[in-house]
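> Mind looking over this structure? Questions follow.
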Amino acid sequence: MGDTNTQIPGGGSYELLRQRLNQQGEALLTKAAALNEARLAEFGRDEQKLVGRVRARTENNCVARDLVRVGDRLLFGYNVFIGLKKETQVEDVFSLYRLVDGSEGQELEPVGVDGTFLAEARFVADFRELHAYYKQARLVQLRVHNGKLLAAFQIGQQIGDIRVFRWALAPDGSVSYIDNRGERDIALPPSHDFEWTPTTREDHINGKHPHINILDSIFVETVGGDLTVKIENNTETGLGIYSESVDDKNQSLADADVAYARLGSLILLRIKPYREDTTRYLVYNSRTRKVARID
Numbered sequence: 122m123g124d125t126n127t128q129i130p131g132g133g134s135y136e137l138l139r140q141r142l143n144q145q146g147e148a149l150l151t152k153a154a155a156l157n158e159a160r161l162a163e164f165g166r167d168e169q170k171l172v173g174r175v176r177a178r179t180e181n182n183c184v185a186r187d188l189v190r191v192g193d194r195l196l197f198g199y200n201v202f203i204g205l206k207k208e209t210q211v212e213d214v215f216s217l218y219r220l221v222d223g224s225e226g227q228e229l230e231p232v233g234v235d236g237t238f239l240a241e242a243r244f245v246a247d248f249r250e251l252h253a254y255y256k257q258a259r260l261v262q263l264r265v266h267n268g269k270l271l272a273a274f275q276i277g278q279q280i281g282d283i284r285v286f287r288w289a290l291a292p293d294g295s296v297s298y299i300d301n302r303g304e305r306d307i308a309l310p311p312s313h314d315f316e317w318t319p320t321t322r323e324d325h326i327n328g329k330h331p332h333i334n335i336l337d338s339i340f341v342e343t344v345g346g347d348l349t350v351k352i353e354n355n356t357e358t359g360l361g362i363y364s365e366s367v368d369d370k371n372q373s374l375a376d377a378d379v380a381y382a383r384l385g386s387l388i389l390l391r392i393k394p395y396r397e398d399t400t401r402y403l404v405y406n407s408r409t410r411k412v413a414r415i416d
């Protein structure tokens with residue numbers, strides 16, 4: 122990280138800190154550039170560059186949504202304004218193309234959907250049913266993932282209101298329709314590698330100063346005007362090792378939403394006091410017996 126002990130003249134503590142961070146940032150950038158040059162010298166330079174442009178032509182004006190490769194073809198998905206048409210057809214949302222060499226470079230050659238995976242009877246029936254029940258359904262994503270082709274349609278106002286068609290992609294290049302229940306396949310991975318455990322009334326310990334038992338290690342409450350974390354199971358006192366105020370001083374022990382997770386010597390707490398919009402996140406270190414707020 123460079124010499125962080127270089128003396129910097131003048132200025133207050135903030136200016137001193139800022140200049141030191143700038144120095145370390147420049148040193149880190151120099152080392153990263155040197156490392157990248159060594160990598161390029163070892164493995165060679167393979168720069169990404171644009172090799173060409175192609176135009177996808179559709180029967181109607183459309184708003185492009187996604188493009189994925191399926192075998193030797195490209196699946197193009199889009200949304201169009203249907204207008205007075207009574208029924209949305211597969212061709213109103215999907216087109217297939219093949220990339221070919223033309224007189225002026227590469228071109229997209231249209232491929233008819235007849236005889237392809239887009240013409241499978243079960244898929245066509247599910248597609249028509251989707252647009253019959255959800256008039257405002259629109260394509261939002263195409264994705265190839267874990268040997269499946271996924272096509273997600275927004276069917277409601279909420280971001281989770283989706284219907285996902287899925288096809289199986291075989292090693293020989295064949296594509297076969299599975300069903301329209303692929304929501305779990307297209308779901309985003311969890312934001313944490315652990316699960317929160319909500320507390321229940323069985324964790325409540327009553328007394329003069331009631332609290333919630335968390336893994337027999339710490340005890341939490343949001344009554345009496347503050348959020349308190351204790352390390353002793355003592356309901357005779359409201360004192361603890363950590364405390365901060367809450368908005369509603371009249372809330373009961375059951376009014377707050379409390380969940381926890383253990384990660385080694387740490388216990389994470391997710392607490393939303395009664396009638397508050399902000400969720401508070403705390404971490405308890407069993408080795409130091411200290412609590413810190415981390416949101």
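In my numbering, the protein residues as written are 122 to 416. Backbone N, C-alpha and C fix where the C-beta goes; we use that ideal spot for every residue, glycine too.
1) Looking at the unbroken beta strand (DSSP E) that takes in Leu-389, where does it start and where does it end?
2) Please work out which residues of its chain come closer than 8 Å, Cβ to Cβ, to Thr-356, disregarding the five sequence neighbours upstream and downstream, and give them in chain order.
3) So Gln-227 and Val-175 are supposed to be a Cβ contact under 8 Å. How far apart are they, rounded?
4) Whose CA, out of Tyr-298, Lys-269, Ala-148, Gly-277, lies closest to the CA of Ile-307?
5) Can you tell me which of the three DSSP states Leu-150 falls into?
6) Could you name each continuous alpha helix (DSSP H) segment of 4 residues or more that falls completely within the region 231-263, going from the start of the chain to the end?
7) Where Val-234 and Asp-213 are concerned, what is the direct C-alpha to C-alpha distance, given to the nearest angstrom?
8) Please say whether Gly-173 and Ala-185 have beta carbons closer to each other than 9 Å?
9) Roughly how many whole angstroms lie between the Cα atoms of Thr-179 and Ile-203?
10) Measure the Cβ-Cβ separation of Thr-343 and Val-379 and say whether it is below 9 Å.
11) Using only CA atoms, which one of Thr-400, Gly-192, Thr-409 lies nearest to Ser-295?
12) Based on DSSP bridge pairs, tell me the residues matched to Lys-269.
13) Looking at Val-265: is its Cβ nearer than 9 Å to the Cβ of Gln-275?
14) Hey, quick one: how far does the beta strand (DSSP E) through Ile-335 stretch, first residue to last?
15) Mind the definition here: the region 358-367 touches the region 380-391 only if three or more C-beta pairs lie below 8 Å; say whether that holds.
16) Among all the DSSP beta bridges, which residues are the ones paired with Leu-161?
17) Does any CB atom of chain C fall closer than 9 Å to the CB of Ala-289?
18) Please state whether DSSP places Ala-308 in a helix, a strand or coil.
19) Use the C-beta contact count for Pro-394: other C-beta atoms within 10 angstroms, 16 or more gives buried, fewer gives exposed.
20) Quickly, what does DSSP pair Asn-406 with across the bridge? List them, please.
Taking the geometry as given:
1) Unbroken beta strand (DSSP E) run through Leu-389: 387-393.
2) Only residues of its own chain outside the window of five on either side were considered, and among them Ile-326, Asn-327, Gly-328, Lys-329, His-330, Pro-331, His-332 have a CB closer than 8 Å to the CB of Thr-356, listed in chain order.
3) Their Cβ separation, rounded to whole angstroms, is 6 Å, which keeps Gln-227 and Val-175 in contact under 8 Å.
4) Nearest of Tyr-298, Lys-269, Ala-148, Gly-277 to Ile-307, Cα basis: Lys-269.
5) Correct three-state label for Leu-150: helix.
6) Here the runs fully enclosed are 242-254.
7) CA-CA distance, Val-234 to Asp-213, rounds to 12 Å.
8) Contact: no.
9) Distance between the alpha carbons of Thr-179 and Ile-203 is about 14 Å.
10) Yes.
11) Of Thr-400, Gly-192, Thr-409, the residue nearest in Cα terms is Gly-192.
12) In DSSP, Lys-269 forms a bridge with His-266, Ala-289.
13) The answer is no: Cβ separation not under 9 Å.
14) Here the beta strand (DSSP E) through Ile-335 covers 332-335.
15) These segments do not touch.
16) Residue pairing from DSSP leaves Leu-161 without any beta-bridge partner.
17) Note that chain C does not occur in the displayed structure, where there is just one protein chain.
18) Looking at Ala-308 - three-state DSSP - the assignment turns out to be coil, as it is neither helix nor strand.
19) By the 10 Å Cβ count, Pro-394 comes out buried.
20) Answer is Leu-387, Lys-411, bridged to Asn-406.
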